[in-house]
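For the sequence shown, position 172 (counting from the first letter as 1) is numbered 1334 according to my numbering, and the numbering increases by one without interruption. Positions of the beta carbon are idealized from the N, C-alpha and C atoms, including for glycine. From a predicted model like this one, the values you see are computed outputs, not experimental measurements. Worksheet: the structure to be examined is printed underneath.
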Amino acid sequence: MISAIVLAAGTSSRMGSPKPLLTLGGRPLLERVLETVRDAAVDDIVVVLGHEADRVRDGVSFDGAHAVVNPAYIEGMSTSLQAGIRAADPRSDGFLIVLGDQPFVQSATINTLIERRNRSQAKILIPTYGGARGNPILLDRSLSEDVQSITGDQGCRAIFGHHTRGILEVPVDDPGILVDLDTPEQITRAEEVVRTGRSIEGLVAMTEHDRSHSHPPGGAMRIDILQVAQDLRARNEPFVLATVVRVERPSSGRPGFKAIVRANRDLVGWLGGSCAQSVLVAEGLRALRDGMPRLMRLTPTPGRGPPQEGVVEYIMECASGGTMDIYLEPHLPKPQLLVVGDSPVAKALLALGHLLDYRTVLVTTELGERPSQDADLIVQDLARIPEIVTPETYAVVATMGKYDGSALQVLAGSQAIYVGLVASRRRAAAVLATLSDAGLDGPARARIVSPAGLDLSAKTPEEIALSIVAQIVQLRRTSAPRELPVSNAAESDRAMETDVVCGMQVDRDSPIRATHSGRTFLFCSEGCRARFLETPEAFS
């Protein structure tokens, strides 16, 4: 039995009103947190209140949870943590410590922590994202006495040093574990995320920056950018790794600072100034389009010297001035070989795909006792095929007649470049006839290549797989390259304006704006806005 303890007793001194009552998407912040906890596999929910407890009780629905008041909340988080454990169901084996200002944590993350606890001997389970530790944390009941010894404004992390062998870090695909909302600016940004449906990874970077205020040379960043890059590569997602390689003072950037530009325009990390973000995203998307690395220079005096090959210059609009050289390294997705079936031909295909550095995906409803070691991803539900197929997917159905039709029904209408069927001509004709009777149209059926592979007179499963891979390589190398769905799709989803000073594309939600002659102008940075206000007529 697991009890969730939701900590919501703080004074919210920076907010001007109780943080639990601040609205996000039209609902109180605490209510959103409680909904997540209720949807997870917890058996008991305790909410610890303190500052303006009565007002919070009146403004939040506690359905399924019971609230307790910590009269000593002013003494720090430790007292609320202890009050929550005292109020929890005495039958509980563990305590899930939830922060009341983390509305983006997923219920699935909580369930993952609980499942891992049930399968391990760990006393403390900590979720991680991109190598960074986050919240909530799952504690074993045996640590109750240790928690009672914590003092001041410390949380349960105060006891970690005494139980290092009992800690289990649990990687999760949930950036929400790193986002707690502590400032009005963060609330505003979170509201924008909820309203637009954007990824919250940019909010992760913002909250980290607000905690540390700046990243001094050699200082540790909570977000491990290289780990984030590794996670994106594992998901076969395109991105650009940006690294500051040189600066001329004054500049808030430092050599070694890193950030990631994703295909959806999200920026993860911080390079040393908000004025660099707009140009970094724009140039990063160009790098994803053409696949070429480049050096981007932000300088107050662009174009002063002769052009340098491989260097792209932009004006530095930060008030601090200075120059930053940023190396942009695009990481493009691998081609994906999706194999349906667990037959000998399927296994040989996966082995060859792995050898050629394709991302290999095995889709099978009958996973054997010894599944292929060459599959980067194994999926046992045919219904998931549409979400896995990408514009760089080459799909081969090799179930040996078990569920060829079901797989082809999905794949023939997908965005896969190639759809092959391993079958004799007679069986292929029967499968296509069945698909026609099921309503699959002619153009979709015509996409199915059968028999799959070049005519090499192949006999063995390995030779058949070789002929199919050869056909895929031939198609890939002789076809026009497909443009990655980066900027066009992203920009169509977001309304953009042009900064009239520097020419950069700016989100219409940008708060950096000015009005002149009845027209509102948006800017990528305060520097551009200041230049505009000096002589607005020059830009109107």
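**Report entry** Proximal residues to C1690 (C-beta, below 7 Å), its chain only, five neighbours per side dropped
**Finding:** E1479, D1661, V1663, C1664
Requested in this report: May I have a chain-ordered list of the alpha helix (DSSP H) segments no shorter than 4 residues that lie completely inside the segment 1439-1515?
Outcome: 1439-1452
Query raised in the report: Which residues mark the beginning and the end of the alpha helix (DSSP H) in which I1276 is found?
Result: 1269-1280
**Report entry** Proximity to L1490 [Cα-Cα], best of A1449, V1204, I1547
**Finding:** In terms of Cα proximity to L1490, the closest of A1449, V1204, I1547 is A1449.
Requested in this report: In the DSSP assignment, find the unbroken alpha helix (DSSP H) run with A1240 in it and report its ends.
Outcome: Going by the sequence as given, residue 1240 is Ser instead of Ala. Its alpha helix (DSSP H) spans residues 1239-1249.
Query - Separation of R1357 from G1187, as counted between CA atoms - result: 7 Å
Report task. Might you give, ordered along the chain, the residues of its own chain that have their beta carbon closer than 6 Å to the beta carbon of V1584, omitting 5 neighbours on each side? Result -> V1507, A1560, A1614
Report task. Tell whether a beta-carbon distance below 8 Å holds between G1212 and N1232. Result -> yes
Query raised in the report: Hey, how far is the Cα of R1329 from the Cα of I1167?
Result: The residue asked about is misnamed: residue 1329 is Ile in this sequence, not Arg. Computed Cα separation, rounded: 19 Å.
Query raised in the report: Three-state secondary structure (DSSP) at K1420?
Result: strand
**Report entry** Burial state of M1486, where buried means 16 or more other Cβ atoms lie within 10 Å
**Finding:** It counts as buried.
Query raised in the report: Considering only residues of the same chain and omitting the five flanking positions on each side of N1650, which have a CB-CB separation below 8 Å?
Result: Per-residue confidence for N1650 stands at a pLDDT of 44, beneath the threshold of 50, marking its modelled position as unreliable; the derived number appears in the next sentence. Around N1650: no qualifying Cβ.
Query raised in the report: Between the beta-carbon of M1666 and the beta-carbon of S1413, is there less than 8 Å?
Result: no
Query raised in the report: Among G1317, T1313, D1315, D1308, which has the Cα closest to the Cα of H1324?
Result: D1308
Query raised in the report: Using DSSP with H/G/I as helix, E/B as strand and the rest coil, what is A1229?
Result: A1229: strand per DSSP, three-state reduction.
Query raised in the report: Using the rule of at least 16 other Cβ atoms within 10 Å of the residue's Cβ for burial, across every protein chain shown, is R1279 buried or exposed?
Result: Looking at its Cβ environment, which holds 16 or more other Cβ atoms inside 10 Å, R1279 is buried.
Report task. Mark D1603 as exposed unless 16 or more other C-beta atoms lie within 10 angstroms of its C-beta, in which case mark it buried. Result -> exposed
Query - Identified DSSP bridge partners for D1206 - result: S1165
Requested in this report: Return the residue from the list Q1470, T1405, R1194 that minimises the CA-CA distance to L1442.
Outcome: T1405
Query raised in the report: Is it true that the CB of L1524 sits closer than 8 Å to the CB of I1540?
Result: yes
Query - C-beta contact flag for L1512 and D1543 at 8 Å - result: no
Query - Option in N1426, G1415, F1701 with minimal Cα separation from V1402 - result: The residue with the shortest Cα to Cα distance from V1402 is N1426.
**Report entry** Cβ contact check for the segment 1263-1276 and the segment 1198-1206: 3 or more pairs under 8 Å
**Finding:** yes
**Report entry** Start-to-end residues for the beta strand (DSSP E) that takes in V1407
**Finding:** 1401-1410
Query - Where S1376 sits in the DSSP three-state scheme - result: Caution is warranted here: a pLDDT of 38 is assigned to S1376, below 50, making its placement in the model unreliable, and the coordinate value is therefore given only provisionally. Here S1376 sits in coil by DSSP.
Query raised in the report: Using a C-beta cutoff of 8 Å, does S1242 count as contacting chain D?
Result: In the structure shown, chain D cannot be found, because there is only a single protein chain.
Query raised in the report: For the putative contact between G1226 and I1207, defined by C-beta atoms under 8 Å, what is the C-beta separation to the nearest angstrom?
Result: Indeed they touch by this definition, with Cβ atoms about 6 Å apart.
Report task. Have a look at R1411, P1468, Q1498 and flag the residue whose alpha-carbon is nearest the alpha-carbon of P1462. Result -> Answer by Cα proximity: R1411.
Requested in this report: Identify the continuous beta strand (DSSP E) that holds G1582 and give its terminal residues.
Outcome: 1580-1583
Query raised in the report: To the nearest whole angstrom, what separates the beta carbons of T1756 and V1341, a pair I think is in contact under 8 Å?
Result: Any question about residue 1756 goes unanswered here, given that the chain covers just 1163 to 1702.
Requested in this report: Might you give, ordered along the chain, the residues of its own chain that have their beta carbon closer than 7 Å to the beta carbon of V1409, omitting 5 neighbours on each side?
Outcome: Result list for V1409: G1415, R1416, P1417, G1484, T1485, M1486, in chain order.
Query raised in the report: Ends of the alpha helix (DSSP H) at G1431?
Result: First-last for G1431: 1429-1431, but that is the beta strand (DSSP E), not the alpha helix (DSSP H).
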